[in-house]
Structures are given as C-alpha cells and as structure tokens.
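Trainee: Sequential numbering of the sequence shown, starting at 1, is according to the UniProt record's numbering. The structure under discussion is supplied below as structure tokens; questions concerning it will follow.
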Amino acid sequence: MDTGFTVEQLSAAASDAVRAPSLHNTQPWRFRLRDGGIELSVDPLRRLPATDPSGWGARIACGAALFNLRLALAVAGTPATVRLRPCPAEPDVVARLVPDLPRRPTPTEQSLHAAIGRRFSNRAPFWPDPVPADARWRLSEAARAEQSWLELVIGTSAVNAFAEIARSAHRVLERDAAYVAERCAWIRSEPSPDGVPVAAGGPRSEPQDLLPQRGFGGRNRAPGRDFESEPLVAVLGSAGNTATDQIIAGQALQRVLLTATDAGLSVSMISQPIEVPGAREALRLSLGRFGTPQMVMRIGYGQPGVTTPRRSVDEVLDLPVVPA
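Here it is, written out as structure tokens:
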C-alpha cells in the first residue's frame, strides 16, 4: 500500500506554504515529491547575492514556508514528520516531510492555519494602543514552541539603544550600491506575482523616524502620521547560527507572525541589524542573550492592509515525471 504523500496533497499544502514572507518577496522556495515524501528546497535562481550573500535570508524564508506546510498538512488530517537538511550532498534541500500517524488537528493548529491568508507585513505607522501582556506572552510562547527565543525590547532607553544599532546598520547597507540596486530591482509599480508593490512599501522615511525604513518607493505620509515614538520591538533568536538553526528560526518566525495575526496585531520586520555582522553582535550583547538574533519585528495595532502577491503553486512545484 502506498503510504506517501500525493501530488494533490503537495499542491494543496504548497498553496499555503507560499504565503510565507521572504526578503523583497523573492519567494525563494521549491517543492517536490520524492519517494513518497515532500521536499522543500531553496531555489538557487532566487537568491539575493548582494542582500543575502550567506543565504541566511533564503533559509529563514524557507523555514517560514516549512511551518506553513506543516500546518496545512496537519489541518488536512495528514500531519508530517520533519527532518531538516536530510541530504548532505544536496545542501539546498531544507527539509523532508513524510506522513505521520493521522490525527485530528489541534485548536491551535486550526487558528494559526486560518491566519495564513490574513498575514501581511504592515510597514505603515501603528496606532498608539499598547500590546497587552497576554498577547506578549503568546508571542514569546510561540517562539519557544519552535525551539527559539523572543526578547521584547521594553522601555525608552532600551528601544533607543536598539534604534541606534538599527540605524547604523541601515547606513552601512545603504552605502553599498549593489545592495541598493538589488532592492530597487524588486520594487513593483505594476501588478506582479513577486517583489514588493509600491503600495505595500510603506511611507517614505523622514528625519524624525526612530527606526530605519527600507526604500520601497512608498508615498510621502500625510501630516501627523508619524511612526510610534516607543514601538514594541521583538528580537527573535536561535541557539546557534548554523543553516539548521536558521531554518528552525524561520519556522519560529512564522509561528510568531501567525500568532500575532490571530491576536489582531500588525507586524513589520526589520532585518538590517541582522544583515550586518557587527550590528548583529552589538544587538546580541545589548540583549545579554546566548544564541544568535535572527530577525527583529515591530509589533502593534495597525490599519487593515492586503497581502502581497504570490506566484502560482504550479511555478514552484517540481512534479515527478510520469512514464509514457
């Protein structure tokens, strides 16, 4: 009896997996069936050589896609056992999933799965309403459930210290002409299945802004629409910084993002202090944490928005060839 996953199960689960976030919305993943298992790989054609020379960002994105894939299969009643980086000879293979014992999905899996289609990066200013303690606890527990940690940066002095690290990293990156050109190449002013639409890029940065903004061609903001003066900043970290650690952190990132969406919160990601090694180490030291920071998030309550486009599932599947 064939106990592996089917093409139909792969296609259905991948339609949720592709909703994961990625740097510049490059969507650097591919999915295939092999020997009854689903394999998720980094797409080498969608790497960002200037922005992500080490592949960290692609692995974080694929880890986030992996979490969505796990959720989709679990909610369908066909949960999977996951093995990370299963093929030493194929380092681009992020994970292999094989069928586990069938079971009913948990309420948490159902609520997180329902949030996949509603999650989006909100780069606009948030409202001044504070994030309540129970929501903060849920976010920290979400990271912990995926073998990661979430440090909330609390207090004016701590937020200002983080902001200085983030702005310094942003200045370093913006001096790299190749980095700037690569970002501009992924800005979309016309409908496109990938890249960052100008409408989703957030407002243009202004001198009074506390935190750095990537230049995605957004509009000038209306008077009085400044960013919050003391945002809730959350740093997601992992035990180490190997390729496997980064994939684990990507899964934790997506669980945190979906938990935030389920709680009615908005999130934008700030990766500049992660992309610059010196800034990442300064951030780690400022937190007094063991391990490695893998992503920074700004969390709060914001106005509704729309999700960014995705490529069709057919474009990211590598289906087995059926003999004639």
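Ideal Cβ placement from N, Cα and C applies to all residues, glycine included.
Excluding sequence positions up to five away, which residues of its chain have a Cβ less than 7 Å from the Cβ of P178?
Mentor: Translated into positions along the sequence shown, residue 178 becomes position 178. The sequence shown places Ala at residue 178, not Pro. Once the five neighbours on either side are set aside, the close Cβ partners of A178 are A50.
Trainee: For the alpha helix (DSSP H) containing G291, list its first residue and its last residue.
Mentor: For this step, residue 291 is matched to residue 291 along the sequence shown. DSSP places G291 outside any alpha helix (DSSP H), giving it a letter other than H or E.
Trainee: When we look at the beta-carbon of P125 and count the other beta-carbons within 10 Å, is it buried (16 or more) or exposed?
Mentor: The count along the sequence shown starts at 1 and reaches residue 125 at position 125. That one is buried.
Trainee: Can you tell me whether M1 is helix, strand or coil according to DSSP?
Mentor: Along the sequence shown, one-based indexing puts residue 1 at 1. Reliability fails at M1, whose pLDDT of 35 lies under 50, so the model's placement of it is uncertain and the value that follows must be treated cautiously. Residue state, collapsed to three classes: coil.
Trainee: Quick one: any contact between the region 250 to 264 and the region 165 to 182, if contact means 3 or more CB pairs under 8 Å?
Mentor: no
Trainee: Rounded to the nearest angstrom, what separates D209 and F227 at their Cα positions?
Mentor: Here residue 209 corresponds to residue number 209 of the sequence shown, with the count starting at 1. Here residue 227 corresponds to residue number 227 of the sequence shown, with the count starting at 1. Each residue's Cα considered, the two are about 7 Å apart.
Trainee: Assuming E109 is part of the alpha helix (DSSP H), what are its boundary residues?
Mentor: As a first step, residue 109 is located in the sequence shown; it is residue number 109 there, counting from the start. Where E109 is concerned, the enclosing alpha helix (DSSP H) stretches over P107 to A115.
Trainee: Using 8 Å as the threshold, is the region 297 to 317 in touch with the region 227 to 239, meaning 3 or more CB pairs across them?
Mentor: yes
Trainee: Within 10 angstroms of the Cβ of E39, are there 16 or more other Cβ atoms? Answer buried if so, exposed if not.
Mentor: For the purposes of this step, residue 39 is identified with residue 39 of the sequence shown, where counting begins at 1. With 16 or more other Cβ atoms within 10 Å, it is buried.
Trainee: Would you say P21 lies against chain C (beta-carbon separation less than 9 Å)?
Mentor: Going by chain labels, chain C is absent from the structure shown, which holds only one protein chain.
Trainee: Under a Cβ-count criterion, where at least 16 other Cβ atoms within 10 Å of its own Cβ denotes burial, should D16 be classed as buried or exposed?
Mentor: As a first step, residue 16 must be located in the sequence shown, where it is residue number 16. The residue is buried, with at least 16 neighbouring Cβ atoms inside 10 Å.
Trainee: Does the contact criterion of 3 or more C-beta pairs under 8 Å hold for the region 269 to 276 versus the region 125 to 135?
Mentor: The answer is no - the region 125 to 135 does not touch the region 269 to 276, with fewer than three Cβ pairs under 8 Å.
Trainee: Tell me whether W137 sits in a helix, a strand or coil according to DSSP, three-state version.
Mentor: The residue labelled residue 137 in the question sits at position 137 within the sequence shown. Look at W137 here: in three-state DSSP terms it is helix.
Trainee: Please confirm whether any heavy atom of the ligand MN lies closer than 8 Å to the CB of D35.
Mentor: What this structure holds is no ligand at all, so the ligand MN is not there to describe.
Trainee: Could you check the C-alpha separation between A243 and W56 for me, to the nearest Å?
Mentor: Here residue 243 refers to the residue found at position 243 when the sequence shown is read from its first residue. Here residue 56 refers to the residue found at position 56 when the sequence shown is read from its first residue. For the pair A243 and W56, the Cα-to-Cα distance works out to about 7 Å.
Trainee: For the putative contact between G237 and R280, defined by C-beta atoms under 8 Å, what is the C-beta separation to the nearest angstrom?
Mentor: Position 237 of the sequence shown, counted from the start, is the residue given in the question as residue 237. Position 280 of the sequence shown, counted from the start, is the residue given in the question as residue 280. Contact flag wrong, Cβ pair sits at about 10 Å.
Trainee: In angstroms, rounded to a whole number, what distance separates the CA positions of R83 and F31?
Mentor: For the purposes of this step, residue 83 is identified with residue 83 of the sequence shown, where counting begins at 1. For the purposes of this step, residue 31 is identified with residue 31 of the sequence shown, where counting begins at 1. The straight-line gap from Cα to Cα measures roughly 15 Å.
Trainee: With distances taken from CA atoms, which of L73, V235 and G302 is nearest P102?
Mentor: Taking the first residue of the sequence shown as 1, we reach residue 102 at position 102. The candidate whose alpha carbon is nearest that of P102 is L73.
Trainee: Going by beta-carbon coordinates alone, are L33 and R70 separated by less than 9 Å?
Mentor: Here residue 33 refers to the residue found at position 33 of the sequence shown. Here residue 70 refers to the residue found at position 70 of the sequence shown. No, they are not a contact pair.
Trainee: Would you list the residues sitting across from D318 in a DSSP beta bridge?
Mentor: Start at 1 with the first residue of the sequence shown, and residue 318 comes out as number 318. Paired residues: R32.
Trainee: For a quick check, are the C-beta atoms of L23 and L48 less than 9 Å apart?
Mentor: The residue given as residue 23 occupies position 23 in the sequence shown. The residue given as residue 48 occupies position 48 in the sequence shown. Their beta carbons are under 9 Å apart, which means L23 touches L48 by this criterion.
Trainee: Please confirm whether V235 and S168 have their CB atoms less than 9 Å apart.
Mentor: Reading the sequence shown from its first residue, position 235 is the one you call residue 235. Reading the sequence shown from its first residue, position 168 is the one you call residue 168. Taking 9 Å as the Cβ cut-off, V235 and S168 do not qualify as a contacting pair.
Trainee: So the candidates are I248, T78 and G37; which of them puts its Cα closest to the Cα of W149?
Mentor: Here residue 149 corresponds to residue number 149 of the sequence shown, with the count starting at 1. Nearest option by C-alpha distance: I248.
Trainee: Out of A161, D52, R118 and P193, point me to the one whose CA is closest to D314's CA.
Mentor: Residue mapping note: residue 314 aligns to position 314 of the sequence shown, counting from 1. Minimum Cα distance to D314 is reached at P193.
Trainee: My assumption, with CB atoms under 8 Å, is that G218 sits in contact with P203. Please give the rounded CB distance.
Mentor: On the sequence shown, residue 218 is found 218 positions in, with the first residue counted as 1. On the sequence shown, residue 203 is found 203 positions in, with the first residue counted as 1. Sure, about 5 Å apart at Cβ, within 8 Å.
Trainee: Return the chain-ordered ranges of every beta strand (DSSP E) run that is complete within the region 138 to 218 and spans a minimum of 3 residues.
Mentor: 149 to 153
Trainee: May I ask you to report which of helix, strand or coil DSSP gives S11?
Mentor: As a working note, residue 11 is residue 11 in the sequence shown. Helix at S11.
Trainee: Could you tell me if G278 is buried or exposed, where buried requires 16 or more neighbouring beta carbons within 10 angstroms of its beta carbon?
Mentor: Residue numbering aside, residue 278 sits at position 278 when the sequence shown is read from its first letter. With fewer than 16 other Cβ atoms within 10 Å, it is exposed.
Trainee: How about G37 and G4: are their beta carbons less than 9 Å apart?
Mentor: The residue you call residue 37 lines up with position 37 of the sequence shown. The residue you call residue 4 lines up with position 4 of the sequence shown. Yes.
Trainee: Does the distance from the CB of Q254 to the CB of Q294 come in under 9 Å?
Mentor: By 1-based counting over the sequence shown, the position of residue 254 is 254. By 1-based counting over the sequence shown, the position of residue 294 is 294. No, these two residues do not count as a Cβ contact at 9 Å.
Trainee: Grouping DSSP H, G and I as helix and E and B as strand, with all else coil, what is E90?
Mentor: Taking the first residue of the sequence shown as position 1, residue 90 is located at position 90. DSSP places E90 in coil when its eight states are reduced to three.
Trainee: At which residues does the alpha helix (DSSP H) containing E275 begin and terminate?
Mentor: Working through the sequence shown from its first residue, we reach residue 275 at position 275. E275 -> alpha helix (DSSP H) spans Q272 to E275.
Trainee: What three-state label does DSSP hand A64 in the structure shown?
Mentor: Sequence index remark: in the sequence shown, residue 64 carries index 64 (1-based). Of the three classes helix, strand and coil, the one that applies to A64 here is helix, per DSSP.
Trainee: Excluding the 5 residues preceding and the 5 following R118 in the sequence, name in chain order all residues of the same chain whose CB lies nearer than 8 Å to its CB.
Mentor: Translated into positions along the sequence shown, residue 118 becomes position 118. These residues qualify, in order along the chain: T261 and T307.
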